[in-house]
Amino acid sequence: MRRRELLGAIAGATAATTLSACGQKDEQAPAASSEPQKTYEWKMVTTWPKNFPGLGTGANNVAKLINEMSGGRIKVKVFGAGELVGAFEVFDAVSRGNAQLGHAGAYYWKGKIPSAAFFSSVPFGLTANEMNAWLYYGGGMELWEEAYKPFGLIPNPAGNSGTQMGGWFNKEINSVEDLKGLKMRIPGLGGEVLKRAGGVPVTLPGGELFPSMQSGALDATEWVGPYNDLAFGFYKVAKFYYTPGWHEPGTTMECMINEAAFNELPADLQSIVRNAIKVANLEMLAEYTARNQQALHTLITKHDVQLKSFPDEVLKQLKVLSEEVVEEEAQKDDLSKRVWASQKAFREQVSKWTHVSEQEYIRARGL
Numbered sequence: 001m002r003r004r005e006l007l008g009a010i011a012g013a014t015a016a017t018t019l020s021a022c023g024q025k026d027e028q029a030p031a032a033s034s035e036p037q038k039t040y041e042w043k044m045v046t047t048w049p050k051n052f053p054g055l056g057t058g059a060n061n062v063a064k065l066i067n068e069m070s071g072g073r074i075k076v077k078v079f080g081a082g083e084l085v086g087a088f089e090v091f092d093a094v095s096r097g098n099a100q101l102g103h104a105g106a107y108y109w110k111g112k113i114p115s116a117a118f119f120s121s122v123p124f125g126l127t128a129n130e131m132n133a134w135l136y137y138g139g140g141m142e143l144w145e146e147a148y149k150p151f152g153l154i155p156n157p158a159g160n161s162g163t164q165m166g167g168w169f170n171k172e173i174n175s176v177e178d179l180k181g182l183k184m185r186i187p188g189l190g191g192e193v194l195k196r197a198g199g200v201p202v203t204l205p206g207g208e209l210f211p212s213m214q215s216g217a218l219d220a221t222e223w224v225g226p227y228n229d230l231a232f233g234f235y236k237v238a239k240f241y242y243t244p245g246w247h248e249p250g251t252t253m254e255c256m257i258n259e260a261a262f263n264e265l266p267a268d269l270q271s272i273v274r275n276a277i278k279v280a281n282l283e284m285l286a287e288y289t290a291r292n293q294q295a296l297h298t299l300i301t302k303h304d305v306q307l308k309s310f311p312d313e314v315l316k317q318l319k320v321l322s323e324e325v326v327e328e329e330a331q332k333d334d335l336s337k338r339v340w341a342s343q344k345a346f347r348e349q350v351s352k353w354t355h356v357s358e359q360e361y362i363r364a365r366g367l
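Using our numbering, read the sequence shown as starting at 1 and increasing by one per residue.
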């Protein structure tokens, strides 16, 4: 009897304590906030024509992902080249805070930052997958952030075209001699290599390429690949389409963020912005991989484009010149030297794996 009385007393005390604790918790629980969450109106400026397939739509995709993933707390409006600022004014616009985001290619800013081109594409350099590996797991992002920090910008890889095409030519390229005096639109380090080969590199935004080829101001132009080149109608002004894109083996697109605007965001929105851009980086490469062959088939079968390969003699000479140019560019400042040392070491290491995995598999698939 005494044992049952003791257990009953303990049970009663426990129940009373629990009820008291629950009551105390209810009394101390803060009321849910009725204040609406702050929203942010952001602008994105781009170096691409508005809604241009692949590049322009890639910028739109970044904006769409940020809008959706933030539940509308960040609303991004996209402006194509020339709508708010000129194509080559994007870097300065975002740096000054006139826009919060900029979608472009880092090699356009080589005149401002000597190391910038290394974060876009290097002739005979890294493929798209290798470039992502270097940026995310080889120390590339830390170096890129260091390069943009003085300008109040945060860089992010926001897409990749994969290996590009060698370009459109109004004559056949049978030897290195055929490159001499050639006026060709080709930016970044690839342009420096063409210059070394005796050509005349020209940097123009995408919207000016077709009329320049049509008027004869250019003898050749590279842009991206079949998916984009078909949309621009280059087949109307040149019939020789060359492969491979030795100058851009895996071109990274960027989405730069104004650092001050980014720092105003709460931590969850900062994470959403960075991860939305990562998703867009993956999706652009997938889209180009899916669309390029479809477009190439159309160019060849419907528009009678002649697909050509650069002769080995030309490629070997371009590779020699590329190594010279890149090494010289790397000596322009300490950061360029460190960036190239990092990327070069990574290329030497990762290319061994690429050879025994993808390259050997592709060879086997063709047997």
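From the three backbone atoms N, C-alpha and C, an ideal C-beta is built for every residue, glycine too.
Every value quoted in this text rests on a predicted model; they were computed, and no experiment measured them.
| Query | Result |
| --- | --- |
| List in chain order: all unbroken alpha helix (DSSP H) runs of 4+ residues lying wholly within the segment 176 to 247. | 188 to 196, 209 to 215 and 226 to 232 |
| By alpha-carbon positions, which one of Phe346, Asn160, Gln164 and Glu208 ends up nearest to glycine 225? | Gln164 |
| Note down the Cα distance separating lysine 337 from leucine 189, rounded to an integer number of angstroms. | 15 Å |
| How would you label asparagine 263, buried or exposed, when you count the other beta carbons within 10 angstroms and need 16 or more for buried? | exposed |
| Pick out whichever of Gly191, Val90 and Val76 has its Cα sitting closest to the Cα of glycine 82. | Val90 |
| Suppose you measure from the CA of valine 78 to the CA of arginine 363; what does that come to, to the nearest Å? | 43 Å |
| Which residue's Cα is closest to the Cα of phenylalanine 119: Asn61, Gly181, Ala99 and Cys255? | Cys255 |
| Determine the burial state of lysine 43: buried for a count of at least 16 other Cβ atoms within 10 Å of its Cβ, exposed for fewer. | buried |
| Using only alpha-carbon positions, find the residue among Gly58, Ile74, Lys64 and Gln214 that is nearest to alanine 261. | Ile74 |
| To the nearest angstrom, how far is it from the Cα of asparagine 61 to the Cα of serine 351? | 31 Å |
| From the DSSP output, in three-state form, read off threonine 57 for me. | helix |
| Hey, quick one: how far does the beta strand (DSSP E) through threonine 252 stretch, first residue to last? | 252 to 258 |
| For methionine 253 and glycine 366, what's the separation of their Cα atoms in angstroms? | 31 Å |
| Give me whichever residues DSSP pairs with leucine 269 in a beta bridge. | DSSP output for leucine 269 lists no bridge partner at all. |
| Quick one: measure Cβ to Cβ for threonine 203 and glycine 191, integer angstroms, because I've assumed they're closer than 8 Å. | 7 Å |
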